[in-house]
Each structure stands twice: as structure tokens, then as C-alpha cells.
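Asks: Offset between the sequence shown (1-based) and the numbering used here: plus 914.
The beta carbon of each residue, even a glycine, is placed where N, CA and C say it ideally should be.
Quantities reported herein were computed from a predicted structural model and do not represent experimental measurements.
I have a structure here, written as C-alpha cells, and I will follow up with some questions on it.
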Amino acid sequence: MIFFADALYALSERLNTIAKRIAAYCFLGMLLVMMLQVVARYIFSSPPFWTEELARWLMVWGGLLGASCAFHTHADPAMVHPPSHVIWRQKAQVVARFLASWIFFAPVLYYTWPYVERQIGRTSEGLGVSTAWMATALPVAIFLILLHGLAGLGALISPRVLSKEIAFAKEAEANMLE
């Protein structure tokens, strides 16, 4: 059982690293596209028609993936972090995060699939691409959040996962004191 908890948490960490990199590239791309739009508007008086839409798509993907990364590292602003040295409160928080995320996001994930299906037949005006590509950001981010919540439950049985969760709590504690 401990092996399964460690493996699931390792998968969660790997996916978080990938999501963090993609989110960073999305925000960098958004910045570059917006700079191109500003330069083209004020220098050439004619910005490319697709820049605003591409920037919006990159913002949506970057924001939702960033939200999943924030949940993984306990950087979400809604959680009050217990003192890192009180182990039973850390474990209680893990259970609370799991329950809260699954109660809220599981139904949302269920209803995102019909939303994505409706978007398949639509194309964006600026890019000429199916809007399902942007709509897919929502179920991807929600799936990652649910996986991170499930992986965090490993803190109840695995010392390795518990130490990682405590490290995130200590970091959150330090950030709150600054």
C-alpha cells in the first residue's frame, strides 16, 4: 500500500512539473503575443487579427494549469495551513483537501465533457481552430487537481508523502510570515 501511495505521489509530482513548465511557456507566449500586438498596433497601425485570441487561449491554459500547480504545492489561497510540527493536523488537512477538491471538482469534471463536445463543432474566428482545444484546458486542470488531492492522501500511510506534504506546509508557513 505504501508503494502505491509513493508511486501515485511521484506521478503527481511529475505531472505537476510538466504542468508548471507548460503554464510558464503559455504565459511567456502570451506576453510575446501581446507585445507583438502592441508593437503592431502603434507602429504599423494594424495588429494581426489572431493575436488577441491566441493571447486569450494561452492565458486560459496557463491559468488553469497554474491553478493545478498551486493546489499541488498548497499555494492555493483558500487553505489555512496548520503548524507543520503538528502531524495529526497535517493529516487532517490532507483529508480535508481531498474531500473538498473531490466534492467540488468531480461534478464539474463530469459536466465538462459535454461542454468540450459542444465546442468540437465550433471554430475560432481568429485562429480558425476548433474551440475544443481551449475548452479542453478545463478538464485537464480539474483532472490534475483531483489527482493531486488523491495523491496527497498518501500522507496518511507513507512517510515519504507525509514529509513532502509537511515541506509544502512549512513553505506556506514561511510565505505567510513574510
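Assign residue 1044 to one of three DSSP states: helix, strand, or coil.
Replies: As a first step, residue 1044 must be located in the sequence shown, where it is residue number 130. Under the three-state reduction of DSSP output, residue 1044 falls in the strand class.
Asks: According to the Cβ coordinates, are residue 949 and residue 973 closer than 8 Å?
Replies: Indexing the sequence shown from 1 puts residue 949 at position 35. Indexing the sequence shown from 1 puts residue 973 at position 59. The answer is no: Cβ separation not under 8 Å.
Asks: For residue 980, count neighbouring C-beta atoms within 10 Å of its own C-beta (all shown protein chains included) and say buried if the count is 16 or more, exposed if not.
Replies: Taking the first residue of the sequence shown as 1, we reach residue 980 at position 66. With a threshold of 16 other beta carbon atoms within 10 Å, residue 980 meets it and is buried.
Asks: Quick one: grab the DSSP three-state call for residue 1037.
Replies: On the sequence shown, position 123 is the one that residue 1037 refers to. Residue 1037 sits in a strand when the DSSP states are folded into three classes.
Asks: Note the first and the last residue of the continuous alpha helix (DSSP H) segment covering residue 938.
Replies: In the sequence shown, residue 938 corresponds to position 24, counting from 1. 916 to 957 is the span of the alpha helix (DSSP H), which, as asked, contains residue 938.
Asks: Only counting the same chain, and skipping five residues up and downstream in sequence, which positions put a Cβ closer than 6 Å to that of residue 963?
Replies: For the purposes of this step, residue 963 is taken as the residue at position 49 of the sequence shown. The answer, listed in chain order, is 1040.
Asks: When the Cβ atoms of the region 1015 to 1031 are set against those of the region 947 to 961, are three or more pairs found closer than 8 Å?
Replies: no
Asks: With respect to 7 Å, is the separation between the Cβ of residue 1074 and the closest non-hydrogen atom of the ligand FAD below this value?
Replies: With respect to small molecules bound, the structure shown includes none, and the ligand FAD cannot be examined in it.
Asks: According to DSSP, is residue 988 part of a helix, a strand, or is it coil?
Replies: In the sequence shown, the residue the question calls residue 988 occupies position 74. Note: residue 988 maps to coil in three-state DSSP.
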